[in-house]
Amino acid sequence: MKDISSSVNKVDSVIKMSGEAKYVSDIKIDGMLYAKTVRSEHAKAVIKNISLPELPEGYYFVDHTDIPGKNFVKIIFEDMPVFAVDEVNYYGEPIMLVVGEDKNVITDIISKIEITYDVKTPLFENTNSAIDYHFKKGDSKAAFKNAKKIISHDYHTGYQEQLYIEPQGMIGYIEGKKVTLIGSIQCPYYVKNAVISILESEDNEVRVQQAVVGGAFGGKEEFPSLMACQLAVALRKIKKPIKLIYEREEDMEVTTKRHPSWIHMEAAIDENNGISGLTAEVAIDAGANIGLSGVVLSRALIASTGAYTIDNIEVRGDVFLTNTVPNGAFRGFGAPQMLFAVEMFMQHIAKEIGEDPLELRLKYLAKQGDPTSTQGEYRDPIIMNDMIQKAMEMSNYKSKVKEYENQGVSKGIGMSWFLHGCGFTGSGEANHIKALVKLEKDELDQVTILIAAVDMGQGVQTTMKKIVSQILDIPLDQVIYNKPDTDFVPDSGPTVASRTIMVVGGLVARAARQLKDKWVDGEKLLVSERYKQPDYIKWDEDKFIGDAYPAYSWGVNIVEVEVCPVTYQVTLKGIWSVYDVGKAIDERIIMGQADGGILQGVGYGYLEVMNHENGRIKHKNVTDYIIPTTGDTPPMETFLMDNPYPLGPYGAKGAGELTLVGGAPAVALAIENAINKKVKKIPVTPEYIMELMKNG
Amino acid sequence: MASIKFNLNNKETVIEESPTARLLDILRDKYNFVGVKEGCGEGECGACAVLMDGKIVNSCIVPLGTVEGKSIITIEEFSKSKRHKILQESFEEEGAVQCGFCTPGMLIASESLLNQNPHPTDEEIKIGLSGNLCRCTGYNMIIKAVKSAAKKGDGLW
């Protein structure tokens, strides 16, 4: 039998290349109306009065008074209104929809709406903590008390915009009481459950379908639930098909982004120049609503020792509410911020105690059997030593790092080590998601995969089919996997957290083996599998004690840069990566994740600048917010190591986020190597380098 | 309103429309050529790229009036060509398609580049595609695909 990793052509690429693939904005329904959102023009204000113009026939206002259920988007907390009622808490907060046939008429109506605000002083400082977490391992107090030296640094990371090329969009129609929503979404059941809640409807009165998704990166995890709730309310009121598509500026101003963070690290250094203790204090800016920020924070905190084992640690963190656009899920989910801080801190500690950074890092590199930051255990083999050696050979790291260190501002090379916990943090998978998958065989022996996982470009349609076809030993085209439709697929959970192949794919593989055992030619069969956490996985959610994740993927990134000594412009010269994702279900697909993830991560580290001014996002289009282009792309080389994980399908672990999380520290360390100054914030812009050269 | 004559996907076409209408909207809404995507609406991302007289333009910043007397080819028509087939094979073999939203524009950009320069170097490919944003692939595989297509389709461009 063929090695599962050998690549096949992706099953959805032909229709994407001919222009036939239907994304949500391409879908037209007879009699369809358009919707546009009326938004707050202040970061914090009380709405005193809304004066509405007279509507032409066939045009509608939809606002909070039309909501049958409780006015919040069902995510975790009841704190995000579907439509603002009498106050607004961020610039761009939705107040109402205007719906009708002609987009120009809608724009005209919106221009005539007069909203009177009582403007309040917005909060942009980290003072209003909505969630705080705290945990420790060992005795860091003693370590600090007995320390020969204490080293501390503050790190800061900025916003990052997902910048999927397809903006957010949703279209819906209504038949009797049943509302159907088709969207550019990652999580069909998140959307469905949010809509059931807002409409106070029965389960069978809401149907959610995935359109072809033009990129997501977390940006289409929880945000589409807000759009779906608004649209569903409008559908119930107007009873005609309605389309809601964001323009780029609207998308960038009001949709969720990566949380800016402020991370204070302290290390206790003992008499042997060892790191005897470490503390981390993390602040993330949630924006105006909590959303998923608590979960983002916990992933950040758990990553506080990165790929290292430090015995005595104490970690705390806060989710702060501010009057800014709510932040949310983005590939990496808290880990990119923390791993940047950890990798820089290890480098800075080494410099300050006069140790070779590579030697110091190797000394604390996590090994199989070590306790994790939360006193769980790294049960599976860790092959980082081999991976590091491989990456250093590929890039000629050792000689370059010495050569570049003392030659003035010119070239630099940096290396990051990292891990990513696969699947939901803590007990999410076992207690909240409880994924269910089904396989259905028809009389023609065609097998349909029934799961809610969404292909957003990461190739899951192809990889899931490969798993089933290989186990059943049937051709790939005998396996059917349509885009999820909640009327047909069970809730196998959201398409997030690098869980899809490892967790859902693992269940699909088990279901396929079950089907194989029961297989009778020409007969209909339905099999299902539900997630069960391995018994040895224990997690105390309140104390942060135990196995935060069932498995970890690992990686090494090396980035080489050239820094212009006059303009401090940074040019990427080369990227080398080595990953342990257990086993690639399709090597080319993983290579694609590797290329795309690292460039997104490196972009976060040196290029992608986003700020707000008085609560309004300043970088709200692709002219202002710069992402890498082909012109920025250096030669890239990736090497995959096999290290099969017993519970993953064919040994596969998570891969999607892993490829991003090490990018920023690698490029930041490369720049540090080039300029010989301590880099403590990202993105490392020419302006920041100039500041470091003057004062750093 | 004006009467605008142009050749659209190899058909002589006349349309009564405002000359300031965006070509992108006309292609998508009036002719249903929805393979032409709107990514940014300001001429920066290339998702809406079409060929105007064989060269790439971003249809979101082309006022309809400027296409008078010109030929416009969208991905729907280009996909019937042999050159598209070669590009398609190369994009598949190199893994250059992920979410696919930038892909029609990338293929149009590749065609435009190869029309002008049938044997581009890596640097020339990077410059040729630098007006097309992709957030999934990191471009590496797209660059390789164009290089491979130029080789395979030698003589077609």
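As given, the protein sequences belong to chains A and B, one line each in that order.
Counting from 1 along the first sequence, just add 12 to a position and that's the residue number in the working numbering.
Counting from 1 along the second sequence, just add 1 to a position and that's the residue number in the working numbering.
Built from N, CA and C at the ideal position, the CB exists for glycine as well.
*Can you tell me where the alpha helix (DSSP H) with Leu243/A in it begins and where it stops?*
Its alpha helix (DSSP H) spans residues 235–250.
*Where are the beta strand (DSSP E) runs, 3 residues long or more, that stay fully inside the region 99–156 of chain A, in chain order?*
List check, beta strand (DSSP E) in window: 106–112, 126–131, 141–149.
_Quick test of the definition: if touching needs 3 or more C-beta pairs under 8 Å, does the region 128–141 of chain A touch the region 582–590 of chain A?_
The region 128–141 of chain A vs the region 582–590 of chain A: no contact.
*With DSSP as the reference, label Gln581/A as helix, strand or coil.*
Taken through DSSP and simplified to helix, strand or coil, Gln581/A comes out as coil.
*Is the CB of Glu45/B under 8 Å away from at least one CB in chain A?*
With respect to chain A, the C-beta atom of Glu45/B has a partner C-beta closer than 8 Å.
*asked:* Does the contact criterion of 3 or more C-beta pairs under 8 Å hold for the region 226–234 of chain A versus the region 455–474 of chain A?
replied: Segments in contact, yes.
*Starting from Thr671/A and walking both ways along the beta strand (DSSP E), at which residues does that stretch end?*
Careful: Thr671/A lies outside any beta strand (DSSP E), inside the alpha helix (DSSP H) at 670–673.
*Kindly list, in the order they appear in chain B, the residues whose Cβ is closer than 9 Å to that of Gly43/A.*
Around Gly43/A, no beta-carbon contact reaches into chain B at under 9 Å, the shortest distance being about 15 Å.
_Buried or exposed, going by whether 16 or more other CB atoms sit within 10 Å of the CB of Arg542/A?_
If you draw a 10 Å sphere on the C-beta of Arg542/A, you find fewer than 16 other C-beta atoms in it, and that means exposed.
*asked:* Assuming Leu451/A is part of the beta strand (DSSP E), what are its boundary residues?
replied: For Leu451/A, the uninterrupted beta strand (DSSP E) run begins and ends at 448–453, by DSSP.
*Would you decide whether Ala3/B is buried or exposed? Buried here means 16 or more other CB atoms lie within 10 Å of its CB.*
So Ala3/B counts as exposed.
_Distance CB(Ala279/A)-CB(Phe332/A) smaller than 8 Å_ = Not closer than 8 Å, so no.
_Going by C-alpha to C-alpha distance, which of Ile177/A, Asp263/A, Gly170/A, Tyr390/A sits closest to Cys137/B?_
Cys137/B has its Cα closest to that of Ile177/A, out of Ile177/A, Asp263/A, Gly170/A, Tyr390/A.
*When every heavy atom of the ligand MN is checked, does at least one fall within less than 7 Å of the C-beta of Lys34/A?*
The model on display carries no ligand, and the ligand MN is accordingly not part of it.
*How is Val68/B classed by DSSP in three states: helix, strand or coil?*
In the structure shown, Val68/B sits in a helix (DSSP, three-state: H, G or I).
*asked:* Less than 8 Å between CB atoms is the rule here; does Met29/A satisfy it with respect to chain B?
replied: Met29/A counts as touching chain B.
*Length-filtered (4 minimum) alpha helix (DSSP H) runs lying within the region 251–323 of chain A*: Entirely contained in the region 251–323 of chain A, the alpha helix (DSSP H) runs reaching 4 residues are, in chain order, 260–266, 305–314.
*Pairwise C-alpha distance: Glu39/B and Glu703/A*: Each residue's alpha carbon lies about 39 Å from the other.
*Can you pull the chain A residues whose beta carbon is under 9 Å from the beta carbon of Glu93/B, in chain order?*
By Cβ distance, chain A contributes Asn21, Lys22, Ser25, Val26, Met29.
_Distance between beta carbons of Val50/A and Ile125/A, contact taken as under 8 Å_ = Their Cβ separation, rounded to whole angstroms, is 6 Å, which keeps Ile125/A and Val50/A in contact under 8 Å.
_Excluding the 5 residues flanking Leu372/A on each side, which residues of the same chain have their C-beta closer than 6 Å to its C-beta?_
Non-local beta-carbon contacts of Leu372/A in its own chain, meaning distances under 6 Å to residues more than five positions away in sequence, involve Ala362 in chain order.
*Quick one: is Gly181/A near chain B, going by C-beta distance under 8 Å?*
No, no contact with chain B.
*Starting from Ser439/A and walking both ways along the alpha helix (DSSP H), at which residues does that stretch end?*
No alpha helix (DSSP H) contains Ser439/A, which DSSP labels as neither H nor E.
*Where Glu649/A and Leu611/A are concerned, what is the direct C-alpha to C-alpha distance, given to the nearest angstrom?*
Spanning the two alpha carbons is a distance of roughly 12 Å.
*asked:* I'd like the span of the beta strand (DSSP E) that includes Cys16/B, first residue to last.
replied: One detail in the question is off: residue 16/B reads as Ile in this sequence, not Cys. DSSP places Ile16/B inside the beta strand (DSSP E), whose first and last residues are 12–18.
*Comparing alpha-carbon positions, which option in Thr384/A, Val515/A, Glu212/A, Glu599/A lies nearest Lys14/A?*
Nearest C-alpha to Lys14/A: Glu599/A.
*At a cut of 8 Å, does the region 324–340 of chain A reach the region 262–272 of chain A through at least three beta carbon pairs?*
Here the region 324–340 of chain A lies against the region 262–272 of chain A, with 3 or more beta-carbon pairs under 8 Å apart.
*Give the DSSP-derived three-state secondary structure of Pro369/A in the structure shown.*
If DSSP states are grouped into helix, strand and coil, Pro369/A belongs with the helices.
*Spell out a yes or no on whether the region 635–655 of chain A and the region 182–191 of chain A are touching, meaning 3 or more CB-CB pairs, one atom from each, closer than 8 Å.*
By the Cβ test, the region 635–655 of chain A is not in contact with the region 182–191 of chain A, since fewer than three Cβ pairs between them sit closer than 8 Å.
*Candidates Ala667/A, Lys665/A, Leu672/A, Arg628/A: which alpha carbon is nearest Gly615/A's?*
Comparing alpha carbon positions, the residue from Ala667/A, Lys665/A, Leu672/A, Arg628/A closest to Gly615/A is Leu672/A.
*asked:* Nearest by alpha-carbon distance to Pro236/A: which of Trp274/A, Glu212/A, Gly181/A is it?
replied: Closest option to Pro236/A, judged by alpha-carbon separation, among Trp274/A, Glu212/A, Gly181/A: Gly181/A.
*State yes or no: is the C-beta of Leu243/A within less than 8 Å of the C-beta of Pro80/A?*
No. Outside cutoff.
*Along the region 111–127 of chain B, what residues have a CB closer than 8 Å to any CB found in chain A?*
Along the region 111–127 of chain B, the positions whose C-beta sits under 8 Å from a C-beta of chain A are Ile126, Lys127, read in chain order.
_DSSP state of Ile602/A mapped onto helix, strand, coil_ = Secondary structure of Ile602/A (DSSP, three-state): helix.
*By DSSP, does Thr384/A sit in helix, in strand, or in coil?*
Residue state, collapsed to three classes: coil.
*Should His360/A go down as buried or exposed, given a rule of 16 or more other Cβ atoms within 10 Å for buried?*
So His360/A ends up on the buried side.
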